[in-house]
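Asks:
Residue numbers (UniProt numbering): 1 to 308.
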């Protein structure tokens, strides 16, 4: 039994664990409601307090309307810092894995993308950056009763946009924006890059960029998008680690993703594929200042389904 400030929680079993500690499934004894409680390792106390502070800010954003994980309370229990949340179903990563990495359909991706853009728009309005968007942190609320309803979870790395520069390295490697890798100035658009990588994962059933080595990520980015413009590179603290002057400026572009699926016979489906790639190209722009914002992306034809 975990004694919170607002409720007493009876533990029912483990939901998962990470570098920070464990997530436990619990019942609130006052109303029998199922919740998830994140129990942080004892040496993560400071991180827990920081996450709770961000989560309280997010509560003011109307988590239900904005597709963000709903926070219940934080409390200390026997020297452990605990965070209680609403319980959700399965992550996009685990869902795709459970069907042998068969990708999602474009109509499914559209519904999920729209909800995540709403979430990012809300975070941007509050000057917050999630900084760890990936398929593991996008969860279906209940994929049986509300098939495609998702929420953004895990605000353990979330930070005020104004403080992003001081945090240094954020984001999982295959989802890390080029400006983070190269030590350039960063803002909320790092989240859009990770969202683009997550949408590509849903479309492909595998990662667009390598996930174990930043050198490989930069090589893949250059291969797909070409070398970043000189004015983007000139301010980077870590640029010299990655770039000698490239003579070969050829690159493949994201249009090649269309070849990963059978060519649609239906003209509407064909238009949908082109619309998706068009949105992805505007999200995965190497120059963060040119990258589409969540608000702009909500008006893109792939999301609105208005004709090109």
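Ideal Cβ placement from N, Cα and C applies to all residues, glycine included.
In or out: residue 247 buried (at least 16 other Cβ within 10 Å) or exposed?
Replies: Walking along the chain shown from the start, residue 247 turns up at place 247. Because residue 247 carries a pLDDT of 45, less than 50, the predicted location of this residue cannot be relied on, and the following value inherits that uncertainty. Its Cβ having fewer than 16 others within 10 Å, residue 247 is exposed.
Asks: What is the residue span of the alpha helix (DSSP H) that residue 267 lies within?
Replies: The residue labelled residue 267 in the question sits at position 267 within the chain shown. Taken as a continuous stretch (DSSP letters only), the alpha helix (DSSP H) holding residue 267 covers 267-283.
Asks: With distances taken between CB atoms, is the gap from residue 9 to residue 84 smaller than 8 Å?
Replies: Within the chain shown, numbered from 1, the residue matching residue 9 stands at position 9. Within the chain shown, numbered from 1, the residue matching residue 84 stands at position 84. The answer is yes: Cβ separation under 8 Å.
Asks: Do the stretch 70-83 and the stretch 115-132 meet, that is, are 3 or more Cβ pairs less than 8 Å apart?
Replies: Under the three-pair Cβ rule at 8 Å, the stretch 70-83 does not count as touching the stretch 115-132.
Asks: Is residue 19 buried or exposed, if buried means 16 or more other CB atoms sit within 10 Å of its CB?
Replies: In the chain shown, the residue the question calls residue 19 occupies position 19. By the neighbour-count rule (16 or more Cβ atoms within 10 Å), residue 19 is not buried but exposed.
Asks: Beta-carbon separation of residue 158 and residue 130 under 8 Å?
Replies: Locating residue 158 in the chain shown gives position 158, where the first residue counts as 1. Locating residue 130 in the chain shown gives position 130, where the first residue counts as 1. With contacts defined as CB atoms closer than 8 Å, residue 158 and residue 130 qualify as a contacting pair.
Asks: Determine contact between the stretch 134-149 and the stretch 214-230, defined as no fewer than three beta-carbon pairs at a distance below 8 Å.
Replies: no
Asks: Quick one: grab the DSSP three-state call for residue 295.
Replies: Here residue 295 refers to the residue found at position 295 of the chain shown. Helix at residue 295.
Asks: Quick one: measure Cβ to Cβ for residue 232 and residue 287, integer angstroms, because I've assumed they're closer than 8 Å.
Replies: Sequence index remark: in the chain shown, residue 232 carries index 232 (1-based). Sequence index remark: in the chain shown, residue 287 carries index 287 (1-based). The beta-carbon separation of residue 232 and residue 287, rounded to 5 Å, stays under the 8 Å limit for a contact.
Asks: What distance in whole Å lies between the Cβ atoms of residue 135 and residue 201, which are believed to be in contact at a cut-off of 8 Å?
Replies: As a first step, residue 201 is located in the chain shown; it is residue number 201 there, counting from the start. As a first step, residue 135 is located in the chain shown; it is residue number 135 there, counting from the start. That belief holds up - the Cβ atoms of residue 201 and residue 135 are roughly 5 Å apart, short of 8 Å.
Asks: How long is the line joining the alpha carbons of residue 193 and residue 30, rounded to whole angstroms?
Replies: Residue 193 sits at position 193 when you count from the first residue of the chain shown. Residue 30 sits at position 30 when you count from the first residue of the chain shown. Each residue's alpha carbon lies about 42 Å from the other.
Asks: Per DSSP, what kind of secondary structure is residue 115 in: helix, strand or coil?
Replies: Residue 115 sits at position 115 when you count from the first residue of the chain shown. Looking at residue 115 - three-state DSSP - the assignment turns out to be helix.
Asks: With H, G and I counted as helix, E and B as strand and the rest as coil, what does DSSP make of residue 212?
Replies: Position 212 of the chain shown, counted from the first residue, corresponds to residue 212. Coil.
Asks: Please name the residue, chosen from 197, 179, 187 and 5, that lies closest to residue 76 on a Cα-to-Cα basis.
Replies: Within the chain shown, the letter at position 76 stands for residue 76. Selected option, being the one with the closest Cα: 5.
Asks: Decide if residue 305 is buried, meaning its Cβ has at least 16 other Cβ atoms within 10 Å, or exposed.
Replies: Locating residue 305 in the chain shown gives position 305, counting from the first residue. The residue is exposed, with fewer than 16 neighbouring Cβ atoms inside 10 Å.
Asks: To the nearest angstrom, report how far apart residue 245 and residue 185 are at their CA atoms.
Replies: Residue 245 sits at position 245 when you count from the first residue of the chain shown. Residue 185 sits at position 185 when you count from the first residue of the chain shown. No answer about residue 245 holds up, because its pLDDT of 48 lies below 50 and its placement is not dependable.
Asks: Leaving out five residues on either side along the sequence, give the residues of the same chain with a beta carbon under 6 Å from the beta carbon of residue 139.
Replies: As a position in the chain shown, residue 139 is number 139, starting the count at 1. 88, 91, 151 and 153, listed in sequence order.
Asks: Buried or exposed for residue 82, going by 16 or more other Cβ atoms inside 10 Å?
Replies: Start at 1 with the first residue of the chain shown, and residue 82 comes out as number 82. When all chains shown are included, residue 82 counts as buried.
Asks: Ends of the beta strand (DSSP E) at residue 36?
Replies: Position 36 of the chain shown holds residue 36. 34-40 is the extent of the beta strand (DSSP E) around residue 36.
Asks: Between which two residues does the beta strand (DSSP E) harbouring residue 147 extend?
Replies: Translated into the one-based positions of the chain shown, residue 147 becomes position 147. Element bounds for residue 147: 146-152.
Asks: Pick from 43, 47, 210 and 137: whose alpha carbon is nearest that of residue 223?
Replies: By one-based count along the chain shown, residue 223 stands at place 223. Considering only alpha carbons, the answer is 210.
Asks: Taking buried to mean at least 16 other C-beta atoms within 10 Å of its own C-beta, is residue 38 buried or exposed?
Replies: Position 38 of the chain shown, counted from the first residue, corresponds to residue 38. Buried, since its Cβ has 16 or more Cβ neighbours within 10 Å.
Asks: Locate the alpha helix (DSSP H) running through residue 192, then write down its first and last residues.
Replies: The residue labelled residue 192 in the question sits at position 192 within the chain shown. Membership of residue 192 in the alpha helix (DSSP H) is indicated by the continuous run 189-204.
Asks: Relative to the C-alpha of residue 35, which residue among 273, 25 and 43 is closest?
Replies: Within the chain shown, numbered from 1, the residue matching residue 35 stands at position 35. If we check each option's Cα against that of residue 35, 25 comes out closest.
Asks: In three-state terms, what does DSSP make of residue 84?
Replies: Taking the chain shown and counting its residues from 1, one reaches residue 84 at position 84. Residue 84: strand per DSSP, three-state reduction.
Asks: Determine the DSSP secondary structure at residue 249, reduced to helix, strand or coil.
Replies: Counting from one through the chain shown, the residue named residue 249 turns up at place 249. With a pLDDT of 49 at residue 249, under the threshold of 50, the modelled position of that residue is not reliable, and the figure given next carries that caveat. For residue 249, the three-state secondary structure derived from DSSP is coil.
Asks: Would residue 236 and residue 182 be called neighbours here (beta carbons separated by less than 8 Å)?
Replies: For the purposes of this step, residue 236 is taken as the residue at position 236 of the chain shown. For the purposes of this step, residue 182 is taken as the residue at position 182 of the chain shown. For residue 236 and residue 182, yes; Cβs fall inside 8 Å.
Asks: Using a Cβ-Cβ cutoff of less than 8 Å, which residues in the same chain neighbour residue 249 once the five nearest sequence positions on both sides are dropped?
Replies: Taking the first residue of the chain shown as position 1, residue 249 is located at position 249. In this predicted model, residue 249 has a pLDDT of only 49, less than 50, meaning its place in the structure is not dependable; the value taken from the coordinates is given anyway. Contacts found: 226 and 227.
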